[in-house]
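Undergrad:
4 protein chains.
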Amino acid sequence: MGGNSFGKLFAVTTWGESHGKALGAVVDGCPAGLPLNEKDLKVELLLRRPGRRFTTPRREGDEPQILSGVFNGRTTGMPISVVVWNKDVISSYYEKIRETPRPGHADLAYIKRYGYENWDYRGGGRASGRETVARVIAGAIAKKLLSCLGIIITGNIISLGNTEFPRAKDPQEGLKARLSPFRVIEGDERAEELLKEVLKNKDSVGGVVEVVAWDVPAGLGEPVFDKLKADLAKALISIPAAVGFEVGEGFSLARSYGSRARDRIVPSVGEAVLEGEKAGGMLGGISVGGPIRVKVAFKPTSSIMTPEMTVNIKTLDEVPVEVPGRHDPAIAIRGVAVAEAMVAITLIDHVLRSGLLNPVRVEWNSSCERVWKLYEEYLPEELKASL
Amino acid sequence: MGGNSFGKLFAVTTWGESHGKALGAVVDGCPAGLPLNEKDLKVELLLRRPGRRFTTPRREGDEPQILSGVFNGRTTGMPISVVVWNKDVISSYYEKIRETPRPGHADLAYIKRYGYENWDYRGGGRASGRETVARVIAGAIAKKLLSCLGIIITGNIISLGNTEFPRAKDPQEGLKARLSPFRVIEGDERAEELLKEVLKNKDSVGGVVEVVAWDVPAGLGEPVFDKLKADLAKALISIPAAVGFEVGEGFSLARSYGSRARDRIVPSVGEAVLEGEKAGGMLGGISVGGPIRVKVAFKPTSSIMTPEMTVNIKTLDEVPVEVPGRHDPAIAIRGVAVAEAMVAITLIDHVLRSGLLNPVRVEWNSSCERVWKLYEEYLPEELKASL
Amino acid sequence: MGGNSFGKLFAVTTWGESHGKALGAVVDGCPAGLPLNEKDLKVELLLRRPGRRFTTPRREGDEPQILSGVFNGRTTGMPISVVVWNKDVISSYYEKIRETPRPGHADLAYIKRYGYENWDYRGGGRASGRETVARVIAGAIAKKLLSCLGIIITGNIISLGNTEFPRAKDPQEGLKARLSPFRVIEGDERAEELLKEVLKNKDSVGGVVEVVAWDVPAGLGEPVFDKLKADLAKALISIPAAVGFEVGEGFSLARSYGSRARDRIVPSVGEAVLEGEKAGGMLGGISVGGPIRVKVAFKPTSSIMTPEMTVNIKTLDEVPVEVPGRHDPAIAIRGVAVAEAMVAITLIDHVLRSGLLNPVRVEWNSSCERVWKLYEEYLPEELKASL
Amino acid sequence: MGGNSFGKLFAVTTWGESHGKALGAVVDGCPAGLPLNEKDLKVELLLRRPGRRFTTPRREGDEPQILSGVFNGRTTGMPISVVVWNKDVISSYYEKIRETPRPGHADLAYIKRYGYENWDYRGGGRASGRETVARVIAGAIAKKLLSCLGIIITGNIISLGNTEFPRAKDPQEGLKARLSPFRVIEGDERAEELLKEVLKNKDSVGGVVEVVAWDVPAGLGEPVFDKLKADLAKALISIPAAVGFEVGEGFSLARSYGSRARDRIVPSVGEAVLEGEKAGGMLGGISVGGPIRVKVAFKPTSSIMTPEMTVNIKTLDEVPVEVPGRHDPAIAIRGVAVAEAMVAITLIDHVLRSGLLNPVRVEWNSSCERVWKLYEEYLPEELKASL
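Protein chains in written order, with the numbering used here: chain A, 4 to 390; chain B, 4 to 390; chain C, 4 to 390; chain D, 4 to 390.
What follows is the structure, given as structure tokens:
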């Protein structure tokens, strides 16, 4: 399995460069019987889309096309190949800065690894955030499958720079963040103000995303390396610009004491459950039943209007490089959709590994449908129009 | 590949429970030609050993035994099987608390996943921290291989609770932390004082470990899921009690601005390199050449003398459970050796994947030997005596 | 990794159904720097194409389109996604026989595994031989890479029914079989006569393909499960209609004696080599240096004009089913291209695993080019016209 | 995952050399709740044991020791580590022939791959047939799990040289072959006579083993590379000395016609099933319900008393080498136990992948027990005594 694949039973392979002809995902291991169409994918893709507010103006308007694995509206158990054609790609700018790797971007790493001659320098190539389109597509399929277990995945911004935003206390709050252009549960004004300031300074700002998987059954995760927490860490840190990960209270626990850091075990409807979410819903890296909480920290977009010094790779002269155009002032906002997708992909893989869903065929019923419909319901009206 | 294996080319499989007969590691994919003996493994195992100061008194005195894959003192390219026999294991206490899962421990998760009847409740079974013995063994082999590229792995405590300790500025500082019973570069007194207080309160405290891999060549890590940062995240978060991960400045970057968050690219000895380590030595998840920095947060040990309420799994009554005996006041300290091991395993796997070392045979020379010997040199005198 | 992926470092994922919109392959793990274009893929695809003589008349005329992983004519190290659009697909016939699984086809197995409702019954869906288009595409990339080591892969028919054809004694003979419409080194007339007879009887015939990889270096294959012979067996038996595999003399050795079954070891140009190819060029499942020989047996096409009894899956009535249209009288002939592709994919994966080629970047030179050009040279003139 | 691991969900890793301290297997992915003890493993190990009649006199008397993954007599879901200590190993002979690689053995391949200096030349090291002890151990666990689905695995010799023996028509016949020292259903006298002759000639003879998995449910195997037939091919060809594989009628089908090569589909107890076993119980590489039949061809033992010419690896002189001592006149006989084990491992992996058994916990009941007990029942009395 190559580095562009993720998952053991729900195996996602992605391909495609920012300014290439197209990009796509192949999802191998989706059970047969799941209703699936392009609209399902767009429900999630729309929330990743730039151009809502303060984000890169490139109008991707991504139209996913399912090429295989779906017949008569249902998955067949065969690999699902989805392609999104690139458009609106002008690469001339990148030709100009080809010799001057952009600080904070992957340029220099790609040049060193693959060779200057072999590097697709247009728009960051495969290292571009655009790659995450394929993740969101695979995540949409994963989310739909998870609906069959009643699992809902929500994500929201809990901080931008030093400005904090509320955490989701229940699935409704989590879903509500889908309606906000800043993916916050509340505080749109504060977010807007902050980002205006950032843009005025020709700068960008980092942020933290919390993703919650609600109503996760107990028993997901495998000792000792494929713990659920470990696979979630890999999934989230593999996202471009991700630099930090926390399960439950994370680093706060490292500053705390044992007497305060343990979730109590309490009885509830005939079984023992955790009271509290300090551990993020897992013990020993295995889900205990209830919400799973993880956080991912995104660094600020490196593409800003403020030039930075770099080195001409041919001459080794120090020269400034700038990245013109309007850019995301806070990539973390679009990162929410991607982080949700990665959590969904990781969870469905472990659901299948743990035998909680038949890996070959699923029964889709109205109860699954009801859960899945929530994602569409919680779309801003202007996006619904694009469906 | 099961959940107890890690790595694609340098594939580590571990097995064994805390109170079982033995535990061990099978390392498949170590090239032939590496000098290896049991002493090499002990050099690293000793630093993981409890009982140095303030730690669990069980005298593991682990004696690794190499059963395969080494002939005439050199690896043969065949799987290296190492076993460590358990001793000093009294399980009677665990019999008593079998029905009362300990808060913060994996007990409840294992019961739910595998069934109460099938669970090895003695000492946490496979979820015990003792499992990490096998990781350190595999890590020692990885470190020795990495010596051939001049890569040194060091780790040290940078915080215990709210007390901070210095970060390593160079390999010598990192190595120096091996000499400290608290794995700090400096501040033994402060650490000792803190832990005394913690123990007096029958409590424990969390901590943060930073691991640095020095002199890592450029080009490690594969787009887009097997980025070096992503595999490091999985490796470190898979450790028992690990709850947070950062690459470079991590969460600090999420509070920062793009104009300050980018490492400059500067010329150095004929090539472009990073000035600064905000990104932890990677761009796009690929090493750029130089030190790789990651942090892992450990929660406080859940085993403390202060009882906590739990639920009797049979009766569902709420009852207190306590975990008597002396315990690690800060598991993070022993976590340093384990975190280093996981970083080493991840790096060597990517070194092999990237073709920077011949996956079938290595040439061992005096320059490799010199690097490797540093680990032994930087052992406290009392531990050297155990070699 | 899902069931539709193959290879550890050179990881091929295929997708697409016979009568779906398209089919394709994603090749992850091809080093950067390999010159590659669509024509390279067609060189091999043309030899798999039906419609040359006595084969299914569907004029696939497959036009592969490279969507990613190639920039400025060279591979970038990123996943190479190739798509082939389906055309000329009329599915109405399959609608009619949907309830009557065709004997010898995968219909019944797919119905049982995935459910009657979820099965893409058009043209065999994913179980169709058409799936092998993607294998041949990936195989072409593999062959081109192998050219860098001077390895040439040739395949030819050595038997059709009870009629035998010569085995290749050198690469030129192997290549020569590319020029024959029956993929035989010599005996086109005999083959033609046999197939005419078969078609007259509304029947089909089985056949055996031998694939030889010439000038393979020593050291490919890993103990004890990933032996080269084992991975070749999986690769070849995974082809539709493949029912038997032999390495070297195969079943003949099972009828022989130890004193006659061993290849002698002899000196040659400063090293010890095998004299004879009884073992197929491997010992202990590892290549010894020289040609690798394997054989794969194909059963006769199940699609013939002679009806056969089957069971209506709904009523359980016994009913005859026939598969009208012209069909391949000997699927083994087109199987040659597919078998070559699978051998190439398996070999390049082991070449990379064994460190014999840099997994990240390759240097392409005139000597590689010379080897690669042979494949194009040895194309029948009428096919060259389609390039 | 390294080359010494096999299986995706039921993941077997083996280690150990012929003349090393020990060898063993780690089975990761066995569900919790399976009763397991050392005797279960011996039931199968005894049938692999040499020294019954005409086989190598080394009295292995292998005593497997379970070190982990079993608690209170049941599996816990954790990796099961089993070790077998080597004894009776005298390596001095191999010292003498170290420079003269034995024809037909892996010596030359290992020297070329790993280097003369790094090669464990004692008794073939890891390439020794002794390695298969670990396979049989893992196979015993697999067989026991398969008992829960009512699947029985039997194997028997169907030919030795040109002497043929009957194929199993039902499970009882298959089991009966366990009682024969030559693993034939009938014809012990003919086998004995043949082998006496072979031994008299200081020679050895090849043979073919058929393995049948009885009562396999429909739906095992995944398109398009992980077909059941493909994974069985890899499993069986990975065995030392295996040189050929057939599913169903195999090569005979390649000599046959489509009109005769298709199994009819017939109604049976409310479903459609195959009449006949030409396809070995699979269509499209997926099980259809019923027996699965595969064959594996073993070449004659290369270790015979008749010397053969080889090359001194240092001097490149041509010299004879002989392998003194008594040897297996037909390694295929002991290969039966190994082939059964590999089929069992492959099947249980696909059973788990297909969701036909809970991958985390199994319920063991009297019906499972009844199936499993058959293996012990069908042991020759003299072997039962060793249990």
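For every residue, glycine included, the Cβ atom is placed at its ideal position computed from N, Cα and C.
Please read all numbers here as calculations on a predicted model, not as lab measurements.
(1) Measuring alpha carbon to alpha carbon, tell me which residue in C:I69, C:G19, C:E66 is nearest F74 (chain A).
(2) Can you pull the chain A neighbours of N361 (chain D), defined as C-beta to C-beta under 7 Å?
(3) Looking at chain A, which residues of the region 103 to 135 of chain C have a Cβ within less than 9 Å of any of its Cβ atoms?
(4) Between T304 (chain D) and chain C, is any beta-carbon pair separated by less than 7 Å?
(5) How would you call N121 (chain A), buried or exposed, if buried means at least 16 neighbouring beta carbons within 10 angstroms?
(6) Taking 7 Å as the cut-off, decide whether the C-beta atoms of H330 (chain B) and T309 (chain B) are in contact.
(7) Answer with yes or no whether the minimum CB distance from E225 (chain C) to chain D is below 7 Å.
(8) Between T135 (chain A) and the rest of its own chain, which residues show a CB-CB distance below 6 Å, the 5 nearest in sequence each way excluded?
(9) Secondary structure at S290 (chain D), three-state DSSP: helix, strand or coil?
(10) Across which residues does DSSP place E189 (chain D) in a beta bridge pair?
(11) Is the CB-CB distance between I154 (chain B) and D65 (chain B) below 7 Å?
(12) List the residues of chain C whose Cβ lies closer than 8 Å to the Cβ of M81 (chain B), in chain order.
(13) Which residue's Cα is closest to the Cα of P323 (chain A): A:V46, A:P332, A:T313?
(14) From D:A245, D:C371, D:F168, pick the residue whose C-alpha is nearest to that of S150 (chain D); which is it?
(15) Mind listing the chain C neighbours of E249 (chain D)? Cutoff is C-beta to C-beta under 7 Å, in chain order.
(16) I need the straight-line Cα distance from G210 (chain B) to G76 (chain D), nearest angstrom please.
(17) With DSSP as the reference, label L26 (chain B) as helix, strand or coil.
(18) Can you find the residues in the same chain that come closer than 8 Å, C-beta to C-beta, to M4 (chain A), ignoring five residues on each side of it along the sequence?
(19) Jot down the residue ranges of each uninterrupted beta strand (DSSP E) in the region 253 to 311 of chain C, minimum 3 residues, whole runs only, in chain order.
(20) Throw me the rounded Cβ distance for the G253 (chain C) and V299 (chain C) pair, which I believe falls under 8 Å.
(21) Identify the contact partners of N7 (chain C) in chain D, using a Cβ-Cβ distance below 9 Å as the criterion.
(22) Is the beta carbon of R296 (chain D) sitting closer than 7 Å to the one on G251 (chain D)?
(23) If I measure Cβ to Cβ from K387 (chain A) and keep anything under 8 Å in the same chain, skipping five residues before and after, which residues do I get?
(24) Roughly how far, in whole angstroms, is the beta-carbon of V212 (chain C) from the beta-carbon of V374 (chain C), given that I think they are within contact range, below 8 Å?
(25) Between N165 (chain C) and chain D, is any beta-carbon pair separated by less than 7 Å?
(26) Kindly list the residues whose CB is nearer than 6 Å to the CB of L360 (chain A), restricted to its own chain and excluding five residues on each side of it in sequence; keep chain order.
(27) By a C-beta neighbour count over all protein chains shown, 10 Å radius and 16 as the cutoff for buried, is L390 (chain C) buried or exposed?
(28) Spatial neighbours of E102 (chain B) within its chain, please: C-beta separation below 6 Å, excluding the five flanking residues on both sides.
(29) Shortest alpha-carbon distance to K281 (chain A) belongs to which of A:K302, A:R258, A:S21?
(30) Which bits of chain C does E18 (chain A) rub up against, with CB to CB less than 8 Å?
(31) What residues from chain A crowd round M399 (chain C), counting only those whose CB sits closer than 8 Å?
(32) Report the residue from B:V215, B:G10, B:K199, B:K147 whose alpha carbon sits nearest the alpha carbon of R170 (chain B).
(33) Against chain B, which members of the region 270 to 295 of chain C pass a CB distance test of less than 9 Å?
(34) Using a C-beta to C-beta distance shorter than 7 Å, which residues of chain D count as neighbours of E311 (chain C)?
(35) Among C:T349, C:A28, C:F301, which has the Cα closest to the Cα of A264 (chain D)?
(36) Which ranges does the beta strand (DSSP E) cover as unbroken runs of at least 3 residues, wholly within the region 33 to 89 of chain B, from first to last along the chain?
TA: The short version:
(1) Nearest Cα to F74 (chain A) within the set C:I69, C:G19, C:E66: C:G19.
(2) Result: G358.
(3) Listed in sequence order: Y113, R116, Y117, G118, E120, N121, W122, D123, Y124, R125, G128, R129.
(4) Among the CB atoms of chain C, one or more fall inside 7 Å of the CB of T304 (chain D).
(5) With 16 or more other Cβ atoms within 10 Å, it is buried.
(6) No. Outside cutoff.
(7) Residue contact check for E225 (chain C) against chain D: a CB pair falls below 7 Å.
(8) Correct list, in chain order: V341.
(9) Correct three-state label for S290 (chain D): strand.
(10) Beta-bridge partners assigned by DSSP to E189 (chain D): none are found.
(11) No; because the gap between Cβ atoms is not below 7 Å, this pair is not in contact.
(12) Under the 8 Å cutoff, chain C gives P226.
(13) Ranking the options by Cα distance to P323 (chain A), first place goes to A:T313.
(14) Taking only the C-alpha atoms, the option nearest S150 (chain D) is D:C371.
(15) Neighbours of E249 (chain D) on chain C, chain order: V246, G247.
(16) G76 (chain D) has its alpha-carbon roughly 39 Å from the corresponding atom of G210 (chain B).
(17) In the displayed model, L26 (chain B) falls within a strand according to three-state DSSP.
(18) In its chain, beyond the 5 residues on either side, A14 have a beta carbon closer than 8 Å to the beta carbon of M4 (chain A).
(19) Complete beta strand (DSSP E) runs here, min 3: 267 to 271, 274 to 278, 293 to 301.
(20) Their Cβ separation, rounded to whole angstroms, is 10 Å, which puts G253 (chain C) and V299 (chain C) out of contact at 8 Å.
(21) Neighbours of N7 (chain C) on chain D, chain order: E225, P226, V227, F228, D229.
(22) Cβ atoms of R296 (chain D) and G251 (chain D): closer than 7 Å.
(23) Only E379 meet the Cβ criterion.
(24) With 8 Å as the limit, V212 (chain C) and V374 (chain C) do not qualify as a contact, their Cβ atoms being about 22 Å apart.
(25) It does: the Cβ of N165 (chain C) has a partner Cβ on chain D nearer than 7 Å.
(26) Around L360 (chain A): V354.
(27) L390 (chain C) should be labelled exposed.
(28) Once the five neighbours on either side are set aside, the close Cβ partners of E102 (chain B) are N315, I316, K317.
(29) Cα-wise, what sits closest to K281 (chain A) is A:R258.
(30) Looking at the sequence itself, residue 18 (chain A) is Trp, so the reference to Glu does not match. The answer, in chain order, is V29, D31, L70, S71, G72, M81, P82, I83, S84.
(31) Limits of chain C in this structure are 4 at one end and 390 at the other, which puts residue 399 (chain C) out of reach.
(32) The residue among B:V215, B:G10, B:K199, B:K147 with its C-alpha nearest the C-alpha of R170 (chain B) is B:V215.
(33) When CB distances to chain B are screened at a threshold of 9 Å, not a single residue of the region 270 to 295 of chain C falls below it.
(34) One finds R265, R267 in chain D with Cβ atoms closer than 7 Å to the Cβ of E311 (chain C), taken in chain order.
(35) The shortest C-alpha to C-alpha distance from A264 (chain D) to any of C:T349, C:A28, C:F301 is the one to C:F301.
(36) Those beta strand (DSSP E) runs which fall completely within the region 33 to 89 of chain B and span 3+ residues are 83 to 88.
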